[in-house]
Amino acid sequence: MSDRVRRIAARRIRRSVSGGAVTTAVDGSVVGVWTLGEWASRTTHSTVLPAMLGMITEGGSVRTVWLSKGHLWSCGFPVGVTEVSSATGSTRMRSLSRDPTWREFERTRAGRFAGEAPVRASRYVPQWVRISVTQRDGGRCVYCGESDPRRLELDHRLAYSKGGASDDPDNICLGCVKCNRSKSDSDWGWG
Ligand SMILES: [Zn+2]
């Protein structure tokens, strides 16, 4: 294992669930806030591709925090996904683009993993927007009040395809799968 990539001991990790949101902190630094469903999805897919979550300071230097193989890892900064993959033993990088699970994940999710550079500008909802929206909406679908975290996702009020911004909390809200599907790409109710 690369000495630049180190597994983070469980005692340094705090995970709390509140209002349908999972907050994960390392050494007191928040590295992510997600809905429970999103967390489950990340944990599953992190066995295919490591996901960069955030940054912590460790021994006076800044290190990135990654999720891979269901564990958190800290790495020297900057560090690439390939380096994390080799350290954590992920071996499916090459076939990733043809992996049907991964393709479905990319097709159905509005965003990419936090901290990853978006491929295009961008349907990706930045981490700071995710955090502020999750806290503001209190873990409920803003349309029907659904609070089951497994059914919640981030929704563009004015669809991205119609020019709605991804980096404006006023255009992003928590919505349940059912409401988001029926809403589809229409922008009813919103300017
Ligand atoms: Zn709903």
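Residues 1213 to 1403 (the numbering used here) are what the sequence shown spells out, left to right.
Ideal placement from N, C-alpha and C gives every residue a C-beta, glycine not left out.
Open item on the list: Is the beta carbon of W1246 closer than 9 Å to that of M1264?
Closed with: no
Open item on the list: DSSP three-state label for C1353, please.
Closed with: coil
TODO: Evaluate contact between the stretch 1378-1385 and the stretch 1267-1274, counting only Cβ atoms and requiring at least three cross-stretch pairs below 8 Å.
DONE: no
Open item on the list: Tell me which residue opens and which closes the beta strand (DSSP E) that R1219 is part of.
Closed with: V1217 to R1219
Open item on the list: I'd like the span of the beta strand (DSSP E) that includes S1405, first residue to last.
Closed with: Nothing can be reported for residue 1405, as the shown portion of the chain is limited to 1213 through 1403.
TODO: Figure out for me which residue from L1364, A1222 and V1345 has the closest Cα to the Cα of W1251.
DONE: L1364
- [ ] Assign W1285 to buried or exposed, taking buried as 16 or more other Cβ atoms, counted over all protein chains shown, within 10 Å of its Cβ.
- [x] buried
- [ ] Given a cut-off of 9 Å, decide if R1218 and V1238 are closer than it, judged by their beta-carbon atoms.
- [x] no
Task: Delimiting residues of the beta strand (DSSP E) encompassing D1367 - done: L1364 to H1368
Task: Rounded C-alpha distance that separates L1336 from D1367 - done: It is worth fixing the name first, because residue 1336 is Tyr in this sequence and not Leu. If I take the Cα positions, the gap works out to 11 Å.
TODO: Can you say whether C1356 is buried or exposed, counting buried as having 16 or more other CB atoms within 10 angstroms of its CB?
DONE: exposed
Open item on the list: Any heavy atom of ligand 1 closer than 8 Å to the beta-carbon of E1295?
Closed with: no
Open item on the list: On the criterion of 16 or more Cβ atoms from any shown chain inside 10 Å, does R1348 qualify as buried, or is it exposed?
Closed with: exposed
Open item on the list: Please state whether the Cβ-Cβ distance between G1350 and G1232 is less than 9 Å.
Closed with: yes
- [ ] Compute the Euclidean distance between the alpha carbons of V1234 and P1361, then round it to the nearest angstrom.
- [x] 10 Å
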